[in-house]
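Positions in the sequence shown are counted from 1; adding 927 to them yields the working numbering. Note that the Cβ used here is the ideal one computed from N, Cα and C, for glycine as well. Quick caveat: nothing in here was measured; it's all calculated off a predicted structure. Here the structure comes first, spelled out in structure tokens, and everything after it is commentary.
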Amino acid sequence: MPEPISNERLMMRWLVVLISGVVLAACSAAVERSHASGSIITLFGQIGVVDRANVDPVVEPLFGTLGVEFDTALGLNYESLAALQQHSIRTDFPLGGEHHVFRGPRLHDVLAVALPEGDMVRVTALDGYQRDISMERIEQDGVILAISRNGIPLGLGGLGPTMLVWPRGEDPALAEMSDDDWVWGILTLEVRSPA
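Shown next as structure tokens:
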């Protein structure tokens, strides 16, 4: 006949179950954080540094929807972008609108992480909007890949997770620049040579 469980043993079991639940919840939260800190922008094309294989259409359907294909690429997360030297640009967006302070690394520095070999970058946004920008302009004009506006990270559903911001408010040569090259909600940067 089994020995009856004492109140102390029963309490001990409940305590083990409770602690296991807390540990499981903490592990689950850590997994969620690791997914949340995953790549927010993907660089591909003529680059020398890669850390991932081709598009997986099952888990990355947006790439397929937008016609983005690559064999290898480099994914950058928020932390890796924030670790690069940060620059602030105070400017209007949209053109003639309210001034904001945008902050992020220079686009040139972001691309340098991937050792680019092409002469231009095709920027693709989450909504499929694309712009081709020459490397010469990227270096000359000091465009940043903004990750925050007025100290608040750019989020999905707004202008984020990243946005091209040009020093229109600081450089007279760019003062009347249209918003066409102010790509927001950026998904990919493809380094390429002109066709």
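DSSP on residue 956, reduced to helix/strand/coil?
Walking along the sequence shown from the start, residue 956 turns up at place 29. Low per-residue confidence applies at residue 956: pLDDT is 36, beneath 50, and the placement is therefore not dependable enough to give any value.
What's the C-alpha gap between residue 963 and residue 1116?
Position 36 of the sequence shown, counting from 1, holds the residue named residue 963. Position 189 of the sequence shown, counting from 1, holds the residue named residue 1116. A caution first: residue 963 carries a pLDDT of 38, below 50, which makes its placement in the model unreliable, though a value can still be read off. Near 20 angstroms, if we compare the C-alpha coordinates of residue 1116 and residue 963.
I think residue 1074 touches residue 1031, with their Cβ atoms under 8 angstroms apart; what is that distance to the nearest whole Å?
One-based indexing of the sequence shown puts residue 1074 at position 147. One-based indexing of the sequence shown puts residue 1031 at position 104. With 8 angstroms as the limit, residue 1074 and residue 1031 qualify as a contact, their Cβ atoms being about 4 angstroms apart.
Residue 1013 by DSSP, collapsed to three states: which one?
Position 86 of the sequence shown, counted from the start, is the residue given in the question as residue 1013. Of the three classes helix, strand and coil, the one that applies to residue 1013 here is strand, per DSSP.
What's the C-alpha gap between residue 1043 and residue 1009?
As a first step, residue 1043 is located in the sequence shown; it is residue number 116 there, counting from the start. As a first step, residue 1009 is located in the sequence shown; it is residue number 82 there, counting from the start. So the alpha carbons of these two residues sit roughly 20 angstroms apart.
How is the beta strand (DSSP E) around residue 1082 delimited, first residue to last?
Here residue 1082 refers to the residue found at position 155 of the sequence shown. Premise fails: residue 1082 is in no beta strand (DSSP E) and is neither H nor E.
When the Cα atoms are used, what is the spatial distance from residue 1049 to residue 1055?
The residue labelled residue 1049 in the question sits at position 122 within the sequence shown. The residue labelled residue 1055 in the question sits at position 128 within the sequence shown. C-alpha separation (whole angstroms): 12 angstroms.
How big is the Cα-Cα spacing for residue 957 and residue 1104?
Against the sequence shown, residue 957 aligns to sequence position 30. Against the sequence shown, residue 1104 aligns to sequence position 177. With a pLDDT of only 33 at residue 957, under the threshold of 50, the placement of this residue in the model should not be trusted; the figure read from the coordinates follows. Taking the straight line from one Cα to the other gives about 43 angstroms.
Closest by C-alpha distance to residue 1120, when choosing among 974, 980, 1090, 1051:
As a first step, residue 1120 is located in the sequence shown; it is residue number 193 there, counting from the start. Ranking 974, 980, 1090, 1051 by Cα distance to residue 1120 puts 974 first.
Can you tell me whether residue 1062 is helix, strand or coil according to DSSP?
Taking the first residue of the sequence shown as position 1, residue 1062 is located at position 135. It is helical.
Tell me whether residue 1034 is buried or exposed, calling it buried when 16 or more other Cβ atoms sit within 10 Å of its Cβ.
As a first step, residue 1034 is located in the sequence shown; it is residue number 107 there, counting from the start. Residue 1034 comes out buried.
Which one of 1089, 1096, 1014 has the shortest CA to CA distance from residue 1110?
Counting from 1 along the sequence shown, the entry for residue 1110 is found at position 183. Considering only alpha carbons, the answer is 1089.
Candidates 1051, 1037, 1087: which alpha carbon is nearest residue 1007's?
Within the sequence shown, the letter at position 80 stands for residue 1007. Among 1051, 1037, 1087, the Cα nearest to that of residue 1007 is on 1037.
Would residue 1125 and residue 1003 qualify as a contact pair, given that the criterion is a beta-carbon distance under 8 angstroms?
Only positions 928 to 1122 of the chain appear in the structure, and residue 1125 is not among them; the question remains open.
Among 1072, 1068, 1019, whose alpha-carbon lies nearest the alpha-carbon of residue 970?
On the sequence shown, position 43 is the one that residue 970 refers to. Closest option to residue 970, Cα to Cα, is 1072.
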